[in-house]
Structures are given as C-alpha cells and as structure tokens.
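Structure, as structure tokens:
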Amino acid sequence: MSRIDDFRFTRRALLGTALGGAAMLAAPRAFAAGKTLNVLSHKVHQTVLTAGKSGDLLEGWRKANDAEIVWSTFDSNPLQDRLFREASLGETEFNVGFLIDNRPTAQIASLFEPLDDYLAKAPIEDFKDIAPGLVQAMTIQGKLIGIPVRHATQGLFYNEALLEEQGIKAPPTTLEELVEQAKKLTFKSAAGTPVVGMVLASDLAVFPVMFARAFGGDYITKDFKLVPEPEAMEKGLSVMKDMFDAGALPRSYATTSNDDQVTWLQQGRAAFTVLPFARNAQLNNPQQSKFPGRIKAVEFPISSALKGKMPMSAVVESWAMTILKNSRNKDLSWSFLREVSTKRATLGMANSGNGPVRVSTYADPDFAAANPLAAVEAKVLAHARGAFPPFPEAARAQSIFLEEVQLAVLGRKPVKQAVADIRARVQPLLPA
Amino acid sequence: MRTDRLYIGLGKTLAVGLVLIWSLLPIVFIVLSSLKPGVEIFAVPPKFFFTPTLEHYVNLWEKWGTFFQGLFNSLVVTVGATLLAVSASAAAGYVCSRYRSRFLTGSIFFLIVVRLIPPIVVTLPLFPAVNWLRLNDTHIVLIVLYATFFVSLGTILMRTFIDQIPRELDEAAQIDGAGRLTILRLVILPLAAPGILAVAVFVVVYAWNEFLFAFIFTATRAKTAPFVISEMIGSIDGVDWGVLFAASTAQLAPVLLFVVFMHRYLVAGLTAGATKG
C-alpha cells in the first residue's frame, strides 16, 4: 500500500490547517531590527531616499537607531486620504506621513504633532536654510506641523528642435511673445507630425492661475481674497481663449490631462507646456522621448506690461513630513525627520530628482553642474507660491473654478461673465 | 432567399467582428504596448510594425519589485476568498434548496439586499472596526470581504444548481444512514461540481481584479497587484507607460487564461435555472 493511501483528510485537519494559515497571514511581519518606523508616503519619496542615484541615504540612520523603515506608498490624493483617515483613529501604526501643502486646514493640522518643541530640543541642521515660504505653508495657526522635504515648481518647457524648425531663435521672455510663438508653432513638422503650440491640462488650477499671475492677478490669495484683480484674471483667460481659437491649444483641450502634456511634448506633438522643473529628466529620457536633450525649460514669462516691474510668481506645490498625533514612538519619528532634513540627505535626494527645499543645495557646485535647470529653478522658487491656500471647501472651489475656465476658453461663455461667475460661486465656499 | 441568407450571415459576421474589435482592442493595445520601445508607444501616426522588446518587463522587475509581491498577495487573497465563498455558498445553497421556512426566505431576501449595496458604502465605516480588530493590512480582511460580497450571488447560483439534483438521491442516502453533512459532501457536491466551478470563476475574477477594498484596507503587507498598478499611474515624477503596460499585461494574463479555460462554467453559471419549469 502506498503512503498516499495512509493520508486522511479529516475535518479536524482541515480546520486546523485553515486556522493556522489564517493566523500566519494575520500575524504582523517580524523584522530583524529592534524598532520599526512606519512611513506613509508617495513612491517617489521612498525612491529618492533609498534607491535613487545617491543610493540608500538612510542606511546610516537605520543602523544608528537599530530601526527598520516600512514604507507604505500611495498616489498623491489617495495618500492624503489614507493619512487623514489613519490620523483620525484612536491609535495608528503609522508614525510619519507625507503631507501636501495645500491640504492642512486648521482641523487637519490638529491631527498632527506640533513640531516646535521638538525643533527647540533637538534642532534640525541649519533650519533657516530651508525655504521660508515652504516652512510658512506648514505653519498653521502659529504651529509648525510639517518639515518641508520636496517642492515642485512650475516652469515653461519648450521643444528647442521645433522652435528651430520654425526659425525661432530663443524662448519667449514675455507672455505676448509666448502666445505669438505658440501660434507660429502650430504647424505640421518636417517629420509629418501635427504640432500644437501649447498643451495644457484642463483639470488643474495651476495653468489658469499662472496666466492670471502673468498679468498681476490671482485666484485666491493666502489671506483668502478671491480673484483680487478681476481684470488680470480676464486677461489671462482671454489669452488662453485666443490660443484655443487659433488652434495653438489642442481641440481636445477639455479632456487633456497632465500625462498628455508629457507624452505630447516627448512625441513632438506640442512645442510648449507648463510642468514642474523636476519633469526635465523624464521629458528628455531617451527611452521615452523623441527629443532627448532638446526639451528645455525657462521661467514662465510675465506680461510685457509688468516685465521688470514685478517678478513672475509661479505656482509651487510642496510636500512636508509630519508626525501623526495618535502614533507611538514620536522621538524616533522626529529623529527620522531630522535625518531626512540634513543638508547631506537634501542634496542626495536632489541628485535623484527631488526638488530641494534648502537654498544651499542650489549653491552646491556639483548639483548645479549636473542639473542644467538648477539656477532657473532656484530663481523661480524664490517668488513662487501655492495655487491657492488650504481650506475645507478647496476641492469644490477648484472644481467650480475649472468649470468656468473651460467654458471661457472653449468660447461657451464670455470671459467677463466666467470671471464674475467664479467670484459669485466660489465666495460662499471661502472661510468666513 | 439565398441572397437574404448571405446578407444575414454577413451582417452577423460584421456585428460579431465589431463586438470583438470593441472588446479586444484595449487588450491588444496594452499587450502590444508592453512590447514596444518606449518612444513608439504614443507615436503619431501610430506604429503597427515594430521590433518587440522586453525592456519594460525588465524595468518592471528592477524598479517595481512590490508589483510581484502584489501578484503573490493577489493570489493568496483570490485562493482564500474563492475557497471561503465556494464553501459558504455551497452549504447555504444546499440549505436554501432543501428546506423551506420564513427565516430562509428572509435570509435570501437579505442576501439580495447585500448585493445591492455599493461597496463604498460599507468600506469607510468598516475602516475603524477593521483597525480595532488589528486586521488592517492583512490578507484575511480581503478574503473575508471578497467572500462576503460573493456569498449572496454564490448561494443563489448554488441553490439553482442543487434544485436540479433529484431529492430522491438525498432520501436514498438518508435511508442508507447518511447524515446531512455526509449527503452534502458525498452526494450533492460531486453532482453540483459545475455550479461550484461557476461560482469559483466569478469569485476568482472579482478577487483578482478588485481595487477598492484593497486600497482602503491594505498598505504594505497585503497590498494586491491592482493597487500597485494604481501607484504607477499616479507617479508624480511621471508615468512610465511601458512599465505600466507590462504590469497590466502580467496582471491580466493569468485571469484571462483562467476565464478562457473555464468559460463554459461561467456560461453555465449565468444560464443556471434558465430552462427550469
């Protein structure tokens, strides 16, 4: 008789195996290190800190603290959603969370540990070197709740090869020149590709805000003034409408997304776009782009009327590290924040494509030499600010704003009327 | 008359062809794009002839190790949820088929109601409860949730299959001294095997592709493949489309093959009881 015949598949064995298996699956993972730090972040944060060009920047910290870092990574919006949900529980396993600067309302900020006392007891290396505007964005009702770690500042990208093909020798220095060049660059290229002058996503507030700022206007200021200069917003939207009418913005403008901006520029289907400077490497990646090394960036130009009179204020979005108030082991979390904020780590992350939050990083000669956009990015960052401040109804307000912008650009509503409607519809959503 | 038949045949072929194009084009696009050099994926005009490359699969392996961990987690969760859902559905289907009471009628109504509830409605209130039970980020929470959402449909399907098995077989086994559990195990389940497979196909496809529950209730240890793919789409330093399509192909292939091999059971499940009475 074979051994197989001796095997009995009993109910007791089945139940035991099922329960044992379930217990194994439910059991938390055991780590060799003594302590575990659970971090909620975007994948990009993990990559630049542990697997970028600079290698593993946290190896020394882990050894010194006998700690293991467990990264849980999500896309931006889901990450913020998960972070707030975890922070709202009675207790959470997560210690550190990465927070976007346009999210912390007073209510959300209360979910995170105020860091002023930690900073006083165990200071961060040369804290004043971190861009004050980014620190300010994480200071809510006088309390510092996050340490800035990354920024994405918007610049104007252009395809140098297409400009040359149309006989344009230099990128624009005023908004009017940009419009003129974009119209000229709406053509069929020598390669047979139909080119549009400029491609912009229609589902992000960044772009209409940049056009309004080029005329000295804004969407919502830091002190919650809504469309403080209506004429500037009208001019900005009129320029976009004019470009759309001329075909210099694609016919598919209403459905164009952020990813389209990248692929259109890489494929030579658009001559200009507005993206964070950090996208330079991707746009010029020879494995993805038909124009590696030919896609360059400059500061988004201000209107000719304001050129030399005031700086262009580009849109910046930044990330900061926070400690969840309902977490354990906060001293270990603070130690992690201090390590990631060192000049060494900031430079290392910058070399891996992270927008550096320290002014001194831009002055580093090796970084400047390796990063052709370092100088212009530093210049733009000096005057950059968020698209709008955080407030509870920000998402709805942005949705209304974009709806009116689209109607105006597509010619479905007069620009003046759209701006008036933005003011009327968004005002009730602003904090009193 | 002959011409009419020809036209009807042509019309049918055209209709089937259009449906096939509509259904298969996205899949073909994904699979071909995963093999195209990155520069050519979105080329205008599109390139239909190209030298295939495995570079995106290599990059997927090198840069997104978590994806393969996710595939393993998907497998664990899918197998677990299928076993649980099939076991519970078979037992419940048997009871619903062989017994009659007000309580059972109410239970079946409740099962249908559960099916009607959008999953998002239960996820957010469940989050603190799952956290309190320390089941967050475990395979178990997904196995239980996926099985729960399919036990209703599974029970109704199994009842329909078991209804078709003559009660005389139960009675004959009973006369031979078999208890209810023995009858279910040795008489009913072997005869209801096509029904079990049909339920299994539904649960496998659902559990393998499900995103919402995985997104809400997992973070690191039990993260499934669709969740990792969503991270690739939302990369703030740019989407690597080739890698994304390679991951989508790797995620799609097992379930596609499974469905192709099991499609007749799927059809059996969908048409179960259709000719009854």
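In the order they appear, the protein sequences are chains F and E. For the first sequence, our numbering assigns the number 1 to the initial residue and increments by one for each residue that follows. For the second sequence, our numbering assigns the number 433 to the initial residue and increments by one for each residue that follows. Virtual Cβ for every residue (Gly too), placed ideally from N, Cα, C. Only a predicted model underlies this, so the values are computations on that prediction, with no experimental measurement involved.
Endpoints, the alpha helix (DSSP H) within which VAL546 (chain E) is located:
534–548 is the span of the alpha helix (DSSP H), which, as asked, contains VAL546 (chain E).
Can you say whether ALA122 (chain F) is buried or exposed, counting buried as having 16 or more other CB atoms within 10 angstroms of its CB?
Around the Cβ of ALA122 (chain F), a 10 Å sphere holds fewer than 16 other Cβ atoms; the residue is exposed.
Compute the beta-carbon to beta-carbon distance between TRP61 (chain F) and GLU339 (chain F), rounded to the nearest angstrom, for a pair I have assumed lies under 8 Å.
Yes, TRP61 (chain F) and GLU339 (chain F) are in contact; Cβ-Cβ is about 4 Å, under 8 Å.
For LEU407 (chain F), which residues from the same chain have a beta carbon less than 6 Å from its beta carbon, with the 5 sequence-adjacent residues on both sides left out?
Closer than 6 Å at Cβ, skipping near neighbours: LYS413, ALA418.
Ends of the beta strand (DSSP E) at LYS296 (chain F)?
It spans 295–298 - the beta strand (DSSP E) in which LYS296 (chain F) sits, taken as one unbroken run.
Should ARG294 (chain F) be flagged as near chain E, meaning a C-beta pair shorter than 9 Å?
Not closer than 9 Å to any Cβ of chain E, the Cβ of ARG294 (chain F) fails to qualify, so no.
Applying the 10 Å Cβ sphere with the 16-neighbour rule, what's the burial state of ASN159 (chain F)?
That one is buried.
Rounded Cβ spacing between ILE400 (chain F) and ARG425 (chain F) (contact assumed at less than 8 Å):
Right, the Cβ-Cβ distance comes to about 5 Å (below 8 Å), so this counts as a contact.
First through last residue of the alpha helix (DSSP H) which encompasses PRO104 (chain F):
Looking at the DSSP string, PRO104 (chain F) is not in any alpha helix (DSSP H), and its letter there is neither H nor E.
Along chain F, in chain order, which residues have C-beta atoms closer than 7 Å to that of PRO560 (chain E)?
LEU89, listed in chain order.
Which residues in the same chain have their Cβ closer than 8 Å to the Cβ of PRO114 (chain F), if we skip the five residues on either side of it in sequence?
Cβ neighbours of PRO114 (chain F) beyond the five flanking positions: LYS143, LEU144, ILE145.
Since GLY627 (chain E) is in the alpha helix (DSSP H), which residue starts that stretch and which ends it?
Element bounds for GLY627 (chain E): 625–641.
Continuous beta strand (DSSP E) stretch holding SER41 (chain F): start and end
35–41 is the extent of the beta strand (DSSP E) around SER41 (chain F).
Beta-carbon within less than 6 Å of VAL508 (chain E)'s beta-carbon, same chain only, minus the 5 sequence neighbours each way: which residues are those?
Closer than 6 Å at the Cβ level, and outside the excluded window around VAL508 (chain E), lie HIS571.
Inter-residue spacing [alpha-carbon to alpha-carbon] between ASN284 (chain F) and VAL262 (chain F):
So the two alpha carbons sit approximately 10 Å from each other.
What residues match up with PHE272 (chain F) in a beta bridge as DSSP calls it?
The partner list for PHE272 (chain F) (beta bridge, DSSP) reads F:TYR158, F:MET198.
Give a yes or no on whether 9 Å exceeds the smallest Cβ distance from PHE367 (chain F) to chain E.
No, because no Cβ of chain E sits closer than 9 Å to the Cβ of PHE367 (chain F).
Closer than 7 Å between beta carbons: that is the criterion. Which residues of the segment 632–659 of chain E meet it against chain F?
Flagged, chain order: PHE647, ALA651, THR652, ARG653.
ILE552 (chain E) to LEU446 (chain E), Cα distance in whole Å?
Counting only the Cα atoms, LEU446 (chain E) lies some 40 Å from ILE552 (chain E).
List the DSSP bridge partners of PHE98 (chain F).
DSSP output for PHE98 (chain F) lists F:MET321 as bridge partner(s).
Spatial neighbours of LEU452 (chain F) within its chain, please: C-beta separation below 8 Å, excluding the five flanking residues on both sides.
With chain F covering 1 to 432 only, the question about residue 452 (chain F) has no answer from this structure.
Mind listing the chain E neighbours of HIS42 (chain F)? Cutoff is C-beta to C-beta under 7 Å, in chain order.
Neighbours of HIS42 (chain F) on chain E, chain order: ILE668.
Between the C-alpha atoms of ARG279 (chain F) and MET349 (chain F), what's the straight-line distance to the nearest angstrom?
Distance between the alpha carbons of ARG279 (chain F) and MET349 (chain F) is about 15 Å.
Quick check on this structure: which residue in E:PHE482, E:ARG530, E:GLY441 has the alpha carbon closest to the alpha carbon of LEU613 (chain E)?
Taking only the C-alpha atoms, the option nearest LEU613 (chain E) is E:ARG530.
Own chain partners of ILE536 (chain E) with C-beta closer than 8 Å, once the 5 adjacent residues on each side are dropped
A quick correction: the sequence has Leu, not Ile, at residue 536 (chain E). If we look at LEU536 (chain E) and ignore the five residues flanking it on each side, its Cβ neighbours are VAL527, CYS528.
So if I threshold CB-CB distances at 8 Å, which residues from the segment 523–549 of chain E count as touching chain F?
Answer set for the segment 523–549 of chain E: empty.
Could you tell me the distance, in whole angstroms, from the CA atom of VAL149 (chain F) to the CA atom of THR510 (chain E)?
One C-alpha to the other measures close to 38 Å.
Determine the DSSP secondary structure at SER110 (chain F), reduced to helix, strand or coil.
DSSP places SER110 (chain F) in coil when its eight states are reduced to three.
Can you tell me which of F:PHE244, F:MET312, F:LEU163 puts its alpha carbon nearest to the alpha carbon of ARG294 (chain F)?
The shortest C-alpha separation from ARG294 (chain F) is found at F:LEU163.
For a contact defined as C-beta to C-beta under 7 Å, what are the partners of GLU663 (chain E) on chain F?
Simply LYS43, THR73, PHE74, ASP75.
Assuming contact is defined by CB atoms lying nearer than 9 Å, are THR656 (chain E) and LEU574 (chain E) in contact in what I supplied?
Yes, they are a contact pair.
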